[in-house]
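Asker:
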Amino acid sequence: TRQLQAALADESGARDRAGLLLAIASAVNSSLALEEVLNVALTHAGRIMGAVAGAMYLMTPGTNEMRREAEYNLAHRAKGVVRHLDEEPLRTALTAMRPQVLKLAEEASPGLEAGGHPQHVLVVPMQRSGQLMGAMELYLNAWRELTDDQADLLNGVASQGAIAIRHAQLFQAQEENALTDELTKLPNRRALAQRYLQEMHRARRYHKSIAFLMIDIDHFKQVNDSYGHLEGDAVLHELAKILTSGARESDVCARYGGEEFGIILHETTESGARTLAERIRAKVAAATFPGGLKLTISIGVAATEEPSMFTTLMERADEALYAAKQGGRNQVRVADMKSAVTKQHA
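Numbered per this note's numbering, the sequence shown spans residues 117 to 462.
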């Protein structure tokens, strides 16, 4: 922003710390997208110190580790790089809990995008209400003695960044909750629709197939009527675990609504979808649910490689599910995508 650029250019006195912090606070709080907040805080701190590169690490809850969540100008740009709190250079900076310029060991010096390896790093701990949230590592080509003004300024940036990061994390959690079924912890119907659109676009672009399973618990109303809704909820929760374990890691299991579930199958043919559906059906039939209950499911399968049929895939799977229910339940039916007929899988 112009306000931020003007504050950074002001070399008089204490470089107008109040104005600079206000500009940075405005910048980092201008978005609730966590990735954007991290990048803004990191790059502004780097500009203050003339850093040649930087990385932002956030605490992993319940551990003594931080994970890299943002960076700039580094040759190795992958997220997820882990830092342990007891390893240098973090340990020294976290012990003092103040910004520290430290010499990097040769093996700890990261490669720069432009080539070469920095010799020093400025570590800036980030905390909020006494809780360590993460740290910034700003890489320097030469040693720099930190003045008190610079240390205070960096602490201010870290404090503003920590507040903005926490707000962004809470917002992200709310967004995830809005897309998660509270009972089963699976994606909900809204999330399923979003993921299906993504998969549909990907399949169209790369000429891949899509398959979809629509799943319904047989006679579930009798469970609620005979054993109560708490027992019914326990059944739904257990079924969600069975479906997740029965599907592949790349598949998307979701609660469609009530006792219905849906699974998006990534790059799967009709034959592959039918085989997976039958395996899941058998797994459910063999399981013992809470309260010693034995239950079965019916599954409708639809699969296609034809982009013009992508938008009707869920509807056709639902029709196949209806045919499975009408045909006696505890079975898999496959939609014939070229006609209105569904095929039974014994």
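No residue lacks a Cβ here, since even glycine has one placed at the ideal position from N, Cα and C.
Just to confirm the assignment, what range does the beta strand (DSSP E) spanning residue 328 have?
Answerer: 326-333
Asker: DSSP state of residue 250, grouped into three classes?
Answerer: strand
Asker: Assuming residue 198 contacts residue 183 (C-beta within less than 8 Å), just tell me the rounded distance between them.
Answerer: 6 Å
Asker: Under the three-state reduction of DSSP, which class applies to residue 431: helix, strand or coil?
Answerer: It is helical.
Asker: Measuring alpha carbon to alpha carbon, tell me which of 339, 409, 254, 311 ends up nearest residue 220.
Answerer: 254
Asker: Quick one, are the C-beta atoms of residue 395 and residue 362 less than 8 Å apart?
Answerer: In contact: residue 395 and residue 362 (Cβ atoms closer than 8 Å).
Asker: Out of curiosity, what's the CA-to-CA distance linking residue 405 and residue 189?
Answerer: Looking at the two C-alpha atoms, the distance is approximately 53 Å.
Asker: Have a look at the DSSP bridge pairing and note the partners of residue 243.
Answerer: 248
Asker: Leaving out five residues before and five after residue 278 in sequence, what residues of the same chain have Cβ atoms less than 7 Å from its Cβ?
Answerer: 242, 243, 244, 249
Asker: Is residue 454 helix, strand or coil when you go by DSSP?
Answerer: coil
Asker: Write down every uninterrupted run of the beta strand (DSSP E) in the region 135-217 whose length is 3 residues or greater and which is fully enclosed by it, in chain order.
Answerer: Restricted to the region 135-217, the beta strand (DSSP E) segments that are unbroken, complete and at least 3 residues in length are 169-175, 181-188, 198-200, listed in chain order.
Asker: Do the region 232-241 and the region 286-295 touch if we need at least three Cβ pairs shorter than 8 Å?
Answerer: no
Asker: Since residue 334 and residue 413 are thought to touch, with beta carbons under 8 Å apart, how far apart are those beta carbons, to the nearest angstrom?
Answerer: 6 Å
Asker: Does DSSP classify residue 344 as helix, strand or coil?
Answerer: Note: residue 344 maps to coil in three-state DSSP.
Asker: Among the residues of its own chain, which have a CB less than 6 Å from the CB of residue 350, if the five just before and after it don't count?
Answerer: Annotation for residue 350: 406 place their beta carbon closer than 6 Å to its own, counting only its chain and skipping 5 residues before and after.
Asker: Kindly indicate which residue of 327, 422, 365, 430 has the alpha-carbon position closest to the one of residue 393.
Answerer: 327
Asker: Can you give the Cα-Cα distance for residue 160 and residue 256, rounded to whole angstroms?
Answerer: 15 Å
Asker: Tell me whether residue 423 sits in a helix, a strand or coil according to DSSP, three-state version.
Answerer: helix
Asker: Taking the alpha-carbon positions, what's the residue 178 to residue 154 distance?
Answerer: Looking at the two C-alpha atoms, the distance is approximately 21 Å.
Asker: Can you tell me which of 444, 170, 386 puts its alpha carbon nearest to the alpha carbon of residue 452?
Answerer: 386
Asker: Report all residues from its chain with a CB closer than 7 Å to the CB of residue 433; omit the five preceding and five following residues, and keep chain order.
Answerer: 328, 329, 330, 416, 417, 418, 451
Asker: Quick one: is residue 304 buried, meaning 16 or more other Cβ sit within 10 Å of its Cβ, or exposed?
Answerer: buried
Asker: Does the separation of the CB atoms of residue 164 and residue 273 fall below 8 Å?
Answerer: yes
Asker: Just list the residues that DSSP pairs residue 303 with in beta bridges.
Answerer: 296
Asker: By the DSSP assignment, the beta strand (DSSP E) with residue 381 in it spans what residues?
Answerer: 376-382
Asker: Can you check DSSP and say which residues form a bridge with residue 80?
Answerer: In the structure displayed, the chain extends from 117 to 462; residue 80 sits before or after that span and is not available.
Asker: Taking only three categories from DSSP, how would you classify residue 403?
Answerer: Of the three classes helix, strand and coil, the one that applies to residue 403 here is coil, per DSSP.
Asker: Let me make sure I understand the geometry here. Which of 166, 228, 284 has the alpha-carbon closest to that of residue 261?
Answerer: 166
Asker: Which residues in the same chain as residue 367 place their Cβ atom closer than 7 Å to its Cβ, once the five residues preceding and following it in sequence are excluded?
Answerer: Cβ within range, chain order: 379, 380, 381, 382.
Asker: Compute the beta-carbon to beta-carbon distance between residue 200 and residue 226, rounded to the nearest angstrom, for a pair I have assumed lies under 8 Å.
Answerer: In this structure residue 200 does not touch residue 226 by the C-beta definition: roughly 16 Å separates them, more than the 8 Å allowed.
Asker: Measure the Cβ-Cβ separation of residue 171 and residue 228 and say whether it is below 8 Å.
Answerer: no
Asker: Please determine, among 252, 300, 376, the residue with the shortest C-alpha to C-alpha distance to residue 156.
Answerer: Of the candidates 252, 300, 376, the one whose C-alpha sits nearest the C-alpha of residue 156 is 252.
Asker: Under 8 Å by Cβ, that's how I've got residue 440 and residue 448 pegged, so tell me the actual separation to the nearest angstrom.
Answerer: 7 Å
Asker: Can you tell me the Cα-Cα spacing of residue 271 and residue 210, whole angstroms?
Answerer: Straight-line measurement puts the Cα of residue 210 at about 13 Å from the Cα of residue 271.
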